[in-house]
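Protein chains in written order, with my numbering: chain V, 1 to 373; chain X, 374 to 746.
2 protein chains.
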Amino acid sequence: MKLTIKKEILTIHLENVIKGLSTKNLIPILNCIKLELKEEGMYLISTNNDISIKTFIDQEDIEEIKEIGIIVVPGRLFYEYIRKLEDEFIILEELIENKLRIYTPQAFSDINCNDKNDFPNLDFNTKKNYITVNSDLLKKIVNKTIYAAAVSEDRPILTGLNLKIDKNEIKCSATDSYRIATKKINVKNKINEAVNCVIPSKNLNELVKILENNVTDVEMHVYNNRILFKIENLKFVSRLINGNFPSIEEIIRKESPISIKININKLFHALDRTTLLAREENKQTVNFIIEEKQVKLKAVIPEIGKVEEKIELEEKTKEKFEISFSSRYMLDTLKNVSGENVVLLFSTPTAPIIVKTEDEDNYVQLFQPIRTY
Amino acid sequence: MKLTIKKEILTIHLENVIKGLSTKNLIPILNCIKLELKEEGMYLISTNNDISIKTFIDQEDIEEIKEIGIIVVPGRLFYEYIRKLEDEFIILEELIENKLRIYTPQAFSDINCNDKNDFPNLDFNTKKNYITVNSDLLKKIVNKTIYAAAVSEDRPILTGLNLKIDKNEIKCSATDSYRIATKKINVKNKINEAVNCVIPSKNLNELVKILENNVTDVEMHVYNNRILFKIENLKFVSRLINGNFPSIEEIIRKESPISIKININKLFHALDRTTLLAREENKQTVNFIIEEKQVKLKAVIPEIGKVEEKIELEEKTKEKFEISFSSRYMLDTLKNVSGENVVLLFSTPTAPIIVKTEDEDNYVQLFQPIRTY
Numbered sequence: 001m002k003l004t005i006k007k008e009i010l011t012i013h014l015e016n017v018i019k020g021l022s023t024k025n026l027i028p029i030l031n032c033i034k035l036e037l038k039e040e041g042m043y044l045i046s047t048n049n050d051i052s053i054k055t056f057i058d059q060e061d062i063e064e065i066k067e068i069g070i071i072v073v074p075g076r077l078f079y080e081y082i083r084k085l086e087d088e089f090i091i092l093e094e095l096i097e098n099k100l101r102i103y104t105p106q107a108f109s110d111i112n113c114n115d116k117n118d119f120p121n122l123d124f125n126t127k128k129n130y131i132t133v134n135s136d137l138l139k140k141i142v143n144k145t146i147y148a149a150a151v152s153e154d155r156p157i158l159t160g161l162n163l164k165i166d167k168n169e170i171k172c173s174a175t176d177s178y179r180i181a182t183k184k185i186n187v188k189n190k191i192n193e194a195v196n197c198v199i200p201s202k203n204l205n206e207l208v209k210i211l212e213n214n215v216t217d218v219e220m221h222v223y224n225n226r227i228l229f230k231i232e233n234l235k236f237v238s239r240l241i242n243g244n245f246p247s248i249e250e251i252i253r254k255e256s257p258i259s260i261k262i263n264i265n266k267l268f269h270a271l272d273r274t275t276l277l278a279r280e281e282n283k284q285t286v287n288f289i290i291e292e293k294q295v296k297l298k299a300v301i302p303e304i305g306k307v308e309e310k311i312e313l314e315e316k317t318k319e320k321f322e323i324s325f326s327s328r329y330m331l332d333t334l335k336n337v338s339g340e341n342v343v344l345l346f347s348t349p350t351a352p353i354i355v356k357t358e359d360e361d362n363y364v365q366l367f368q369p370i371r372t373y
Numbered sequence: 374m375k376l377t378i379k380k381e382i383l384t385i386h387l388e389n390v391i392k393g394l395s396t397k398n399l400i401p402i403l404n405c406i407k408l409e410l411k412e413e414g415m416y417l418i419s420t421n422n423d424i425s426i427k428t429f430i431d432q433e434d435i436e437e438i439k440e441i442g443i444i445v446v447p448g449r450l451f452y453e454y455i456r457k458l459e460d461e462f463i464i465l466e467e468l469i470e471n472k473l474r475i476y477t478p479q480a481f482s483d484i485n486c487n488d489k490n491d492f493p494n495l496d497f498n499t500k501k502n503y504i505t506v507n508s509d510l511l512k513k514i515v516n517k518t519i520y521a522a523a524v525s526e527d528r529p530i531l532t533g534l535n536l537k538i539d540k541n542e543i544k545c546s547a548t549d550s551y552r553i554a555t556k557k558i559n560v561k562n563k564i565n566e567a568v569n570c571v572i573p574s575k576n577l578n579e580l581v582k583i584l585e586n587n588v589t590d591v592e593m594h595v596y597n598n599r600i601l602f603k604i605e606n607l608k609f610v611s612r613l614i615n616g617n618f619p620s621i622e623e624i625i626r627k628e629s630p631i632s633i634k635i636n637i638n639k640l641f642h643a644l645d646r647t648t649l650l651a652r653e654e655n656k657q658t659v660n661f662i663i664e665e666k667q668v669k670l671k672a673v674i675p676e677i678g679k680v681e682e683k684i685e686l687e688e689k690t691k692e693k694f695e696i697s698f699s700s701r702y703m704l705d706t707l708k709n710v711s712g713e714n715v716v717l718l719f720s721t722p723t724a725p726i727i728v729k730t731e732d733e734d735n736y737v738q739l740f741q742p743i744r745t746y
């Protein structure tokens, strides 16, 4: 293998492909990037068994292809070294079997590479029948729901994001069994078969980072045990989580007797202050009292003191209502809404709190209150 | 105690005084700030037994003093709460003994305070005979030497900065026994008695943070067991470390047979790349070879590979010279120099490397090489 390439082009592709590297040091080959140079261009491939990424640099973007070939480089070291080079062009050459020389006018580096035969064979095949979605929309639907996924591996299915696709609608939901976030968007084309799958949320976090630099459309190819996202010259494959995702539709009630519209900014800052005291206890319990045209927030920790905040409401509420919840849960929902006001929906002091916005009726957040008696 | 004060003024003073709070949770009173409201204004005092800070808000900067008094508040909670308030004015009132109410139009908070009698009596007396130094110069002399102080507590004296004051000159030195940084500056006035003391470097780090917001002169009052810095309305007291600081003058040789002038930026980036490979071993050994009009940097780690960098020199050197050192030590020295070139002085492959700049002859850095044979 031998080629000359612009440092900038190689770096951009490496930045994407390193997201498929293992963060553990257990199996050396999962810390490697396979560089496959062909007549048509160079493929860069990585896998950590959970995510696999394949990106392609077209021969038009390569200065010179002298000799095609394959080499398997230690991924992070290669990326860091290339990134730190200051020259415009770089020459990569396999000196002897499994030894890569990286040249620039002022420096060179010889890196020991892994055996190319050890690199796993990966399936990056695409389907005829796929869904196309705008990358910004895909980012949004993931970002607005992923926070509600479980961190703990107690119930693996809850660490994933549930993706339901029916006709031209995608519904994305997450729950850690204490709270739920769910959002619907429309896709550009219809698909024939309905999809219902669960994608590990940590994999989607990596996908979202790759989408940051792309404004193009994304193709989604769903298989039984994996999902492939195609973003221009890049293919991102994630495994799926087996199992049944809980049915959240039944938990989100259609009617709520008590509804208030409250200023997002005011509620956020009042809660932020109340949390200062509340954070001393684990649950961060805040007492939330609706009285006619105002809301009171209270936190009392006998050893430390108490805080009380008042927020005026625009509209008078019918009845007095009191509920307690974890301020962290409410703050998390507020981080995901935009606009001036948020709509809070209550039923009883033990029923979940539903958070909606005025301008985004396809987005629902919900969390359990705390019983204080 | 009762007063009305601008949030902004209180916050600025709290930002300084919290630097004297303990970071451990062992002795509650060392996590507290004492507020002492008198006719002339309010004193804010903190101590962690290592640092003590006293700052003063003049009555002119207080909206209204209704009732003088003393209260001892939990420092970080009080600071965080005040900082997060959105109102322009704040009322502080001792409701009942050791309970502080913080009011604003939309919120209030009652905070349990500590017993004022438990707060230690601290000595913030000043001397008639003190040294005055520009705050920027003081920051510079500390920042440029402190990195060489020991982190390990094996020899406590080496965790401090040695301050030697003679007539109108301050000399500041630090060493962890592998490297030395020393710098001299002139002070504005002469003192009668020579000073030779060692200040804990972590305390000086806090002092430097306070100096960030001040462009005024600093008074230094040196006692046997402590040093007091007076910065406008603020007094900062640090304990001193007992013991004899090693005599570094003898280690810094006056003559060096080999001297090269090298571009700081080029050397930094070449080392940065070399370190990528070298970091895999603990010492980060880099081989440094001077040959006529160029310098070669080499790092070889048999399992990983090797890197080689070339830097052209402006002036031809007389002889070929080879030395090995830790790239981290050299990078640390380069972070503290400015200008285009640095001067490296060598004697033998086992003698310390001296780093100087062309424009700052009162600043010397030195570190031990690594024996590779």
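Yeah, the Cβ is synthetic: ideal placement off N, Cα and C, and Gly gets one too.
Test item: CB-CB of residue i and residue j under 7 Å
i, j, result
"K2/V", "E93/V", "yes"
"I57/V", "G41/V", "yes"
"I743/X", "S697/X", "yes"
"I455/X", "T384/X", "yes"
"G69/V", "L37/V", "yes"
"I241/V", "I180/V", "no"
"K420/V", "V343/V", "Residue 420/V cannot be examined here, being either before or after the span of chain V that is shown, 1 to 373."
"T216/V", "E232/V", "yes"
"L718/X", "S629/X", "yes"
"A107/V", "I146/V", "no"
"I382/X", "D434/X", "yes"
Beta-carbon proximity list for residue i, same chain, < 6 Å, skipping 5 on both sides
i, result
"S22/V", "L30, N31 and N48"
"V187/V", "I131, V133, N168 and I170"
"K708/X", "none"
"K306/V", "V300"
Residue i versus the options, residue with shortest Cα-Cα distance
i, options, result
"Q738/X", "G442/X, P401/X, I400/X and S550/X", "S550/X"
"K556/X", "K512/X, Y702/X and K392/X", "K512/X"
"S720/X", "F740/X, R528/X and E388/X", "F740/X"
"V668/X", "L644/X, H386/X and N576/X", "L644/X"
"E249/V", "V72/V, F89/V and K164/V", "K164/V"
"V222/V", "K19/V, C197/V and N25/V", "C197/V"
"D496/X", "N598/X, S508/X and Q657/X", "N598/X"
"V573/X", "V524/X, G712/X and T647/X", "Contrary to the premise, residue 573/X reads as Pro rather than Val in this sequence. Nearest of V524/X, G712/X and T647/X to P573/X, Cα basis: V524/X."
"V142/V", "N125/V, L161/V, K127/V and E153/V", "L161/V"
"E322/V", "E80/V, E39/V and E291/V", "E291/V"
"G243/V", "R155/V, D115/V and F288/V", "R155/V"
"L450/X", "E309/V, S338/V, T274/V and F288/V", "T274/V"
"I311/V", "K266/V, T317/V and A278/V", "K266/V"
"K575/X", "V659/X, V610/X, L458/X and T477/X", "V610/X"
"N263/V", "I185/V, K293/V and C172/V", "K293/V"
"T357/V", "K144/V, N25/V, A149/V and L276/V", "K144/V"
According to DSSP, residues forming a beta bridge with residue i
i, result
"D58/V", "G41/V"
"C113/V", "Its beta-bridge partners do not exist; DSSP assigns none."
"L163/V", "C172/V and C197/V"
"N263/V", "N341/V"
"L297/V", "F288/V and E309/V"
"Y476/X", "I464/X and F481/X"
"Q738/X", "A554/X and V728/X"
"N336/V", "In the DSSP output, where bridge partners are listed per residue, N336/V has none listed."
Chain-order list of residues whose beta-carbon lies under 8 Å from that of residue i (same chain, five-residue window excluded)
i, result
"N565/X", "N502"
"K99/V", "D110, I111, N112 and C113"
Sequence-distant residues of the same chain with beta carbon closer than 7 Å to residue i, five excluded per side
i, result
"N798/X", "Nothing about residue 798/X can be read from this structure; chain X reaches only from 374 to 746."
"G20/V", "S46, T47, N48, I51, S52 and I53"
"H384/V", "A query on residue 384/V cannot be resolved here, the shown segment of chain V reaching from 1 to 373 and no further."
Beta carbon proximity, residue i to chain B, threshold 7 Å
i, result
"A523/X", "Among the chains of the structure shown, chain B does not appear; the protein chains present are V and X."
For the segment 594-633 of chain X, list the alpha helix (DSSP H) runs that are entirely contained and at least 4 residues long, ordered along the chain. none
Alpha helix (DSSP H) segments (min. 4 residues) lying fully within the segment 61-86 of chain V: DSSP runs (the alpha helix (DSSP H)) wholly in the segment 61-86 of chain V: 75-84.
Would you list, in sequence order, the uninterrupted alpha helix (DSSP H) runs of no fewer than 4 residues that lie entirely inside the segment 175-226 of chain V? Runs of the alpha helix (DSSP H) lying entirely within the segment 175-226 of chain V and spanning at least 4 residues, in chain order: 201-211.
Contiguous beta strand (DSSP E) assignments of at least 3 residues, all confined to the segment 378-422 of chain X: For secondary structure counted as the beta strand (DSSP E) over 3 or more consecutive residues, the segment 378-422 of chain X holds these complete runs in sequence order: 405-411 and 414-420.
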